[in-house]
Every structure is written in structure tokens, then in C-alpha cells.
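Engineer: Going line by line, the protein sequences match chains L, B and C.
Going by the numbering used here, the letters in the first sequence line up with residues 91 to 426, in that order.
Going by the numbering used here, the letters in the second sequence line up with residues 1492 to 1576, in that order.
Going by the numbering used here, the letters in the third sequence line up with residues 506 to 868, in that order.
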Amino acid sequence: MHADRILLAHGSGGTMMKELIDEVFVEGFSEEALKRLDDAASLPFPGSRIAMSTDSYVVHPLFFPGGDIGRLAVCGTVNDVATSGATPMYLSVGFILEEGFPIADLKRILVSMREAAREAGVHIVTGDTKVVEKGHGDGCFINTAGVGVLPEGVDLSGSNCKPGDKVLLSGTLGDHGIAIVSIREGLEFSTSIETDAAPLNVLIANVRAAAPDARCFRDPTRGGLASTLNELADASGVSITVNETSVPVNDQVRGASEMLGYDVFQVANEGKMVAVVPAEQADAALAAMKASPYGEKAAIIGEVAESPAGKVYVFTSFGATRIMDMLVGEQLPRIC
Amino acid sequence: MCLAIPARVTTIDEGLMATVDIMGVTRKVSLDLVPEAVEGDFVLVHAGFALQIVDEEYANETLELLKTLPFFDEEVQMSGVVEGS
Amino acid sequence: MDLSGFRDPAIAKGLIEAINATQTGPVKIMEVCGTHTVSIAKNGLRAVMPERVTLLSGPGCPVCVTANRDIDIAIELAKQPGVVVTTFGDMMKVPGSYSSLAAEKAEGRDVRIVYSPLDAIAMAKNEPDKQVVFVAVGFETTAPLIAAAILRAKDAGLENFSVFCAHKTVPAALGALVNDPEVKIDAFILPGHVSTIIGSEPYEFLAKEYHVPGVITGFEPVDVLQGVYMILKQLEEGRAEIEIAYHRGVMPEGNVHAREMVDQVFRPIDADWRGIGVIPGTGLAIREEFAHYDATKRIPVTPPEPKEIKGCQCGEVLRGITLPFECKLFGRGCTPEHPIGPCMVSSEGSCAAYYRFTDYGKA
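Laid out in C-alpha cells, this is it:
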């Protein structure tokens, strides 16, 4: 194909769309299932229970330190499926492209997705593309849906947490959010912090093997750790307290958060996992996390208590207790 | 109105600007308000400007003074809710 | 430089015990700096105070005390074609009479958050076809930066950068508070970084004329505890002085050079403090000489009639008469998700600090 930018015609179902699919998408993803170009993929599926998840990705800018929207789109959905205890297997992907979007950028995104999928051990088996008029989209929006095979008897849920349980975190907080804001116009600063976007299905599987009674897993994405823990506390009707000094945070993330007035507990992560496990299995779970890819800096960061239900606290570095509140709206940099 | 953090001046740039380091993050800030700052100084940074040089001696003096308070006991640990690892 | 000592639990505990050992009657201590409001709430410091000590939050959030009308003007500026309104993040969600900058951005106006006025100047240089307006809100910590930015813009001969100035100054406002018959304040925790600029002299009248002590305090937990301790010692000993606890950040003479720049670019005017009313001499306006960089002169706009919010008790909260959780709307109709007044919406408004970090007033 000759075009170097997405045109409205690429979305209209005609020959130009066929060219785009054959020469860019199928080429880019390099998946057997896609080459047949059926409307639905027919796939082998072991077992009788599936876990399914979907997410849309609208991050801006599309390319940021250490990653891009494509990597996010694969890792995010893989992680969501994996939190149920399922082994992620297949992804669908839907693109909404803006007229004028450079195809070279699209190709970069597809390569990212292909590599992330390989790393996670999943296949992208079906997809769709639509094109919207210039000005009606942010370059590229992606939706991915994922399915995985869920063994019998596995019942991980945010409502399972019990008093006495320990809360684990797989690594440093805030890397993704700070990486994104470091290149935002008007706020830029120099940092070597990169996004932490990563597939954590192997990490979750390892922790489950070491701690078979793990209650739940959840990734602290938008809204950060604060949103995740508040959701868990609510769903389980328990209280959670986090020990501030136990939470791993890179110095640069701390520095940037102080400069902008951000609360690190509310900054987004894309390659971290929170796990709640019974106290007697916590050490084994931690060891498994640390031995897993992307889990080297894992730590036990907190504990579950009976009450007050739905509340999350921080035991601060200097010894006082305060509430870990959930983000309201967008986190804005402040000077006050 | 008061969010200002200490940062170390790593280089003096032209045009009364400086590059400062906040725990590894670097940014350019203006020295319009503290033109006398030099490399190695710590400055309070607020909204992209240095406000003042942070006096390390005073910082240490204050901490030493507070440790002389009758109730200060350096053995005190604020025990955490959980042990980190 | 290792400043971790200012978060040291052992030093904090020593100070807490020292505070508890002081001998005073019930006292009301007011802080007048939004950053202190947040620090106190975030570090759970109220809970470690003896019962007789009440820490009040005053009108120290410059965003909270920005008059409705000023926000309405900023919004009108955003509506002008070809205008980019740049602002600190703090101002985005604060409600004016009818709207907010965040709401206007959602409507498609070009409103951008910047970390520094220098970023706004860079935008102006990069986009010569746009008129970049910087919304300048803040106390004396921030005014010098804006003065410096205006001087830089003038030096560079920038034709598309201007400032909408809504700055306020603190000392005279403290005078109004100390004269307020409804609140009896026994002492002030004085702002740290405002004092970095203005030094300690502007507060002397509190001690000399009103016999009210004040301690210039920093923001780490140990700093705040030290400030409170020094205040209680003064009250215990019947002294009324202006002391500096925040030695490492504040010199008694302040930053003379910064003040000269402020005097060069701004002149004092009367200012309308939301919820309090007009306090003479507490505002700053851009001098004639720099009128070219005054957004209201370059882009004259007529804001709509200002409208106050019914039932909102922000004024009483800002003066320390009502505690946030005593406001009838706190948690009932006024929450961070659905804020009614600025005290709840601003990231360092008293109500937001209480709501976010403590259990007060919540079911």
C-alpha cells in the first residue's frame, strides 16, 4: 500500500481496508489465527470455565518512556484475566484510528503488542478497525478483550479478604504515572523513570502455587494503590492498614511526586500487582513474588483488620495514622 | 501556596537558570530570586523557581537542638503495623 | 543534605511529650497556610495534641480565598478566541459563580495546566498566534515568581504573554483575623515559605500590638510539632513574640531581592477574600509600567454578575469559626466528588483535608 497515513477510506470496508488489514495488521501481529481472516476465530479451549476481561486504552501520549499504548493494551488485559486465577490464552483487539494517523506509528504499536503477547504467552486471534474523521479521536484508541482458562475450584475475589491477612505489593509504586507526566507539556522534567507496563500472569501463577489460599489479586492502575485497597476494603467489608516505610518507591518517583504535590499512593501503575494472602502463607507468597519476573522489589506492605469496614489507613513514616483516601477525578499538580 | 522542596543545584546554566536535582529527577529552574546560588547549594524550589538557599548548618542545628529536649529518647522506634521485608 | 531528621519518629515523640507537658489553659492555634493544613491532616497531628490545644485552619489556601469574581474573569478570558489560559493545577476545579476552569476545558476551551509560569512563557514563544494568559494566584511565596516572569517576558519583548493577577498578601489578613470578634485566636503557626520571602518583621505587630505569639514553621511533621511546642512555651510563659522555628528555610530578613522584584512589578491594592470580605492592602495589582502584561488590560472582558453559593459556610470555616465537619453541608451534599465550596474542592482546603485524611463527620 502507498498511504503513509490513515485515511477515512481505510475504515470503509473496501479494498483499502483489505490492504491495511493484510499488509499492516496481519503482518504486524504475525498470528496464524489472524491469517484466515474469518470474522470469528475458532480456537481450542481446555477446560470448562473461562475468565474474560476487557479494557480500552486511551493513554496520551501514545509513546512514552519505556513503552506505548500497544504494550499497555496487551499487558493490562492479560493482567486483569490473570487476577482471576485463570491462565490467559487469547486476546481480541479493536482499533479506532483517527484519519491522518501515521501508519509508521501504527506499525510500531503493533510490534509492541506482538512482543508483549509473546512474552505473556497469549495469542491475538481476532481484531477490528474503524477510522474516524480527523479531530474525532486521539490518534489511536485500542480495546482488548481477553479470555483465559479458569481451573475448577478457583475463587479469587476482592470480597475474600479476611482480618489477619497480609497485603503484598509486587514492586515500586508510581513509575508509570510519573513516566507519563514527565513528558507532559507544561510539566516536563528529566528522569530515568520508565513505565512499568508488564505482563504479570507468571508472577500471579507462582504466588498462587506458593500460597494456594491467596484471597485475591488486583493491579493498582488508575487511581493507584489507594483505589485498589479502598475497593478491596469495601468489597470485603474489612479495614486495611499500610505501613508507609514498607512500600517500595523509587527515589526519583518520590522526588517528582514531592515536586508536583502528588500522592504516590494515587499514582497509576501498569506492571504491579497487589496480593492479599492469609498471614501464614505470606512469607512463601513473598518469596515467590520476588523470584518472579517483575517482582524483585516485592514487599509485604500491610495488614487486614476487621474494622472499621471499608477504611484504609497509612501508618506514616513518623508514626501517625491517617486515612489513605481514594483519588477524586484527576490528580493535578499543585503549588500549594 | 507553600509547596517548595529542597533541591541540589547541579549546574548553573545561562540566563540565570540552573539545573537542580530532586532525588534523581532533574529540572531547570530560574535563579531570578537567588542569583547568588552556586553549584552544590541546596535551594527551595517552588513552581520552577529557586526561592532561597537552604542552610544546612541551620538544619543540623535545629535537629541537634530538638534532641536536647528532655523527652527525647533515641531508642524510640515507632513500631510499624507490619514488618516490612 | 539529609533532612530525614524532620520526619524522625524519635524526635517527633520527644516533641509530642514536651507539648503535652506544657502548662496552659485551653488554647486555639491557627495556621494560615494551606500546606500546613495538609501537613497536619496528612500526618495525623491533631490526634496527638492534648485536648486543650485546638489547631484551627485559617484562610491560608489562596485558591480558597480567591473571589468568585476573579475565577469568573479567568473563565471569561478562556472563552476569548485565540486565548490559552495557563494555570497551576490547584485552580482547575475551583467553582466560580457558574463554572470552573476544568469545566471550561471540558467544553473545549484551551485551558492548560503548567508547573511554572516559565512553562507558560515557553508556550507563548512556541505558539506566537495564541495569546497566553497566566492565572496568577498565590501569596508572597508565588508573587515574586510572577514578577520575575513578567520581567522576563518584557526583556524578551513577548507580545503574546500576559498575567491575570489575583495575588494576595498575608500579614494584613492576620490583622483582620486577630480583630475578628467571633474568633479568639491565641497564637499563629505562621507560614513557612511566605516567610522565606517576607521574613519575620511583617508579623511583629501581632506580638507588639495584640500580644499574640506567632512561630514561623516548616512543613515536615517535626517542623510542625516544633512550631506548636514553641507557641505553647510562649503562652505558658506569658510571652508574645514572633519566632522562627523553620531556621533552615527562613532568614529574619527574608529574601530582599525577591521583595524588590515584587515592589517593582506590583503595587498593593485592597482585595476581596472569599468568605471574609475586603481586607485593605492585601491584594497586588500590576503597576502601570507593566500594564502591557496585565491580561485584564490586554484582553478586557466582562464577567457575569457574581453569584454566591447558598448554604456554603466556607467563609466561617476560613475564619476558624466553624470547623469543617461542623458545616451543615460537610459530607452531605458537599464532598470532594461533588464540592460546593472552594474549601472542599481545593487540594489544600480545610474541608478537603479533613474529609480526605480523617474520619471526622463521615458515617
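Think of the CB as a built atom: it goes at the ideal place given N, C-alpha and C, for glycine as much as any other residue.
These numbers come from a predicted model, not from an experiment.
1) Out of Pro-310(L), Ser-143(L), Glu-117(L), which has the shortest C-alpha to C-alpha gap to Val-168(L)?
2) For Thr-1559(B), count neighbouring C-beta atoms within 10 Å of its own C-beta (all shown protein chains included) and say buried if the count is 16 or more, exposed if not.
3) Among Gly-594(C), Asp-864(C), Gly-519(C), whose alpha-carbon lies nearest the alpha-carbon of Leu-1487(B)?
4) What residues in the stretch 680-709 of chain C have a beta carbon less than 9 Å from any beta carbon of chain B?
5) Are the beta-carbon atoms of Gly-217(L) and Pro-178(L) separated by less than 8 Å?
6) Quick check: the Cα distance between Thr-311(L) and Pro-676(C), rounded to an integer number of angstroms?
7) Expressed to the nearest angstrom, what Euclidean distance is found between the alpha-carbon atoms of Lys-387(L) and Phe-795(C)?
8) Taking 8 Å as the CB-CB limit, is Leu-550(C) close to chain L?
9) Could you check whether Glu-284(L) and Gly-156(L) sit closer than 8 Å to each other, using their CB atoms as the reference points?
10) Please tell me whether Leu-124(L) and Val-215(L) are closer than 8 Å, where the distance is taken between their beta carbons.
11) Strictly under 8 Å for the Cβ-Cβ distance: is Cys-426(L) near chain B by that measure?
12) Give the interface partners of Tyr-620(C) over in chain L, defined as CB-CB distance under 9 Å, in chain order.
13) Along the alpha helix (DSSP H) that carries Met-379(L), what are the first and last residues, could you check?
14) Does the Cβ-Cβ distance between Val-1516(B) and Phe-154(L) come in under 8 Å?
15) Please name the residues in the stretch 1536-1564 of chain B whose beta-carbon is closer than 8 Å to at least one beta-carbon of chain C, in chain order.
16) Out of curiosity, what's the CA-to-CA distance linking Ser-544(C) and Val-699(C)?
17) Can you give me the C-alpha to C-alpha distance between Ser-272(L) and Thr-281(L), rounded to a whole angstrom?
18) Please list the partners that Met-1514(B) has in chain L, where partner means a Cβ-to-Cβ separation under 7 Å.
19) If you count every other CB in all the chains shown that lies within 10 Å of the CB of Asn-684(C), and 16 or more means buried, which is it?
20) Check Gln-421(L) in the structure and name its three-state DSSP category.
21) Closest to Ile-294(L) by C-alpha separation, out of Pro-383(L), Gly-227(L), Met-349(L), would be which residue?
22) Just to confirm the assignment: which complete alpha helix (DSSP H) runs, minimum length 4, are found wholly within the stretch 620-672 of chain C?
23) Which residue wins for smallest C-alpha separation from Cys-817(C), given the options His-797(C), Glu-725(C), Ile-781(C), Thr-801(C)?
24) Quick test of the definition: if touching needs 3 or more C-beta pairs under 8 Å, does the stretch 662-681 of chain C touch the stretch 299-315 of chain L?
25) Is Asp-228(L) closer than 8 Å to His-150(L) when the C-beta atoms are compared?
26) From what residue to what residue does the alpha helix (DSSP H) around Tyr-859(C) run?
27) Between Ala-316(L) and chain C, is there a C-beta pair that is closer than 8 Å?
28) So with Cβ pairs under 8 Å, would you call Leu-1524(B) a contact of chain L?
29) Take every Cβ of the stretch 186-193 of chain L, pair it with every Cβ of the stretch 230-246 of chain L, and state whether three or more of those distances are shorter than 8 Å.
30) Which same chain residues end up closer than 8 Å to Ser-1570(B) when comparing Cβ atoms and leaving out the 5 residues on each side of it in sequence?
31) Which word fits Leu-606(C), buried or exposed, when buried means at least 16 other C-beta atoms lie within 10 angstroms of its C-beta?
32) Classify Ser-1521(B) as buried or exposed, calling it buried when 16 or more other Cβ atoms lie within 10 Å of its own Cβ.
33) Determine the DSSP secondary structure at Leu-892(C), reduced to helix, strand or coil.
34) Just reading off the alpha helix (DSSP H) that Ser-317(L) is part of, what are its end residues?
35) Just to confirm the assignment: which complete beta strand (DSSP E) runs, minimum length 3, are found wholly within the stretch 702-787 of chain C?
36) Just mark Thr-436(L) as buried or exposed, buried being the case when its beta carbon has 16 or more other beta carbons within 10 Å.
Structural biologist: Let me spell this out:
1) Here residue 168(L) refers to the residue found at position 78 when the first sequence is read from its first residue. For Val-168(L), the nearest C-alpha among the options comes from Ser-143(L).
2) The residue you call residue 1559(B) lines up with position 68 of the second sequence. It counts as exposed.
3) Outside the displayed span of chain B (1492 to 1576) sits residue 1487(B), for which this structure offers no information.
4) Pro-696, Gly-697, His-698, Val-699, Thr-701, Ile-702
5) Here residue 217(L) refers to the residue found at position 127 of the first sequence. Here residue 178(L) refers to the residue found at position 88 of the first sequence. Going by C-beta atoms, Gly-217(L) is not nearer than 8 Å to Pro-178(L).
6) Taking the first sequence and counting its residues from 1, one reaches residue 311(L) at position 221. Taking the third sequence and counting its residues from 1, one reaches residue 676(C) at position 171. Going from the Cα of Thr-311(L) to the Cα of Pro-676(C) covers about 44 Å.
7) For the purposes of this step, residue 387(L) is identified with residue 297 of the first sequence, where counting begins at 1. For the purposes of this step, residue 795(C) is identified with residue 290 of the third sequence, where counting begins at 1. Across the structure, Lys-387(L) and Phe-795(C) are spaced so that their CA atoms are roughly 54 Å apart.
8) Working through the third sequence from its first residue, we reach residue 550(C) at position 45. It does; some Cβ of chain L falls within 8 Å.
9) Position 66 of the first sequence, counted from the start, is the residue given in the question as residue 156(L). Position 194 of the first sequence, counted from the start, is the residue given in the question as residue 284(L). Yes.
10) Numbered from its first residue, the first sequence carries residue 124(L) at position 34. Numbered from its first residue, the first sequence carries residue 215(L) at position 125. Yes. Within cutoff.
11) To locate residue 426(L), count along the first sequence from 1; it is residue 336. Taking Cβ atoms only, chain B reaches closer than 8 Å to Cys-426(L), which makes this a yes.
12) Counting from one through the third sequence, the residue named residue 620(C) turns up at place 115. Under the 9 Å cutoff, chain L gives Gly-276, Leu-277, Glu-278, Phe-279, Met-349, Leu-350, Pro-423, Ile-425.
13) Reading the first sequence from its first residue, position 289 is the one you call residue 379(L). Taken as a continuous stretch (DSSP letters only), the alpha helix (DSSP H) holding Met-379(L) covers 372-380.
14) The residue you call residue 1516(B) lines up with position 25 of the second sequence. The residue you call residue 154(L) lines up with position 64 of the first sequence. Cβ atoms of Val-1516(B) and Phe-154(L): not closer than 8 Å.
15) His-1537, Ala-1538, Gly-1539, Phe-1540, Leu-1542, Gln-1543, Val-1545, Asp-1546, Glu-1547, Tyr-1549, Ala-1550, Glu-1552, Thr-1553, Leu-1554, Leu-1557, Lys-1558, Leu-1560, Pro-1561, Phe-1562, Phe-1563, Asp-1564
16) Counting from 1 along the third sequence, the entry for residue 544(C) is found at position 39. Counting from 1 along the third sequence, the entry for residue 699(C) is found at position 194. Whole-angstrom Cα-Cα distance: 16 Å.
17) Locating residue 272(L) in the first sequence gives position 182, counting from the first residue. Locating residue 281(L) in the first sequence gives position 191, counting from the first residue. Their Cα atoms are separated by approximately 7 Å.
18) Indexing the second sequence from 1 puts residue 1514(B) at position 23. Asp-341, Gln-342, Arg-344, Gly-345, listed in chain order.
19) Residue numbering aside, residue 684(C) sits at position 179 when the third sequence is read from its first letter. Under this definition Asn-684(C) is an exposed residue.
20) In the first sequence, counting from the first residue as 1, residue 421(L) sits at position 331. It is coil, neither helix nor strand.
21) Along the first sequence, read from residue 1 onward, the residue named residue 294(L) stands at position 204. Ranking Pro-383(L), Gly-227(L), Met-349(L) by Cα distance to Ile-294(L) puts Pro-383(L) first.
22) 622-631, 648-660
23) Mapped onto the third sequence, residue 817(C) falls at position 312. Selected option, being the one with the closest Cα: Ile-781(C).
24) no
25) Sequence index remark: in the first sequence, residue 150(L) carries index 60 (1-based). Sequence index remark: in the first sequence, residue 228(L) carries index 138 (1-based). In this structure, His-150(L) places its C-beta atom within 8 Å of the C-beta atom of Asp-228(L).
26) Counted from its first residue, the third sequence places residue 859(C) at position 354. Unbroken alpha helix (DSSP H) run through Tyr-859(C): 855-862.
27) As a working note, residue 316(L) is residue 226 in the first sequence. No - not a single Cβ of chain C is within 8 Å of the one on Ala-316(L).
28) The count along the second sequence starts at 1 and reaches residue 1524(B) at position 33. For Leu-1524(B), the answer is no, since every Cβ of chain L falls outside 8 Å of its Cβ.
29) yes
30) Indexing the second sequence from 1 puts residue 1570(B) at position 79. Any answer about Ser-1570(B) is weak, because its pLDDT of 44 lies below 50 and its placement is not dependable; what the coordinates show is given next. No residues qualify anywhere along the chain.
31) Within the third sequence, residue 606(C) is the residue found at index 101, counting from 1. Counting the other Cβ atoms within 10 Å of the Cβ of Leu-606(C) gives 16 or more, which makes it buried.
32) Locating residue 1521(B) in the second sequence gives position 30, counting from the first residue. With 16 or more Cβ atoms within 10 Å of its Cβ, Ser-1521(B) is classed as buried.
33) Outside the shown range of chain C (506 to 868) lies residue 892(C), about which nothing can therefore be said.
34) If you number the first sequence from 1, residue 317(L) lands on position 227. Its alpha helix (DSSP H) spans residues 314-326.
35) 719-721, 747-749, 771-778
36) Residue 436(L) is absent from the structure shown; chain L starts at 91 and stops at 426.
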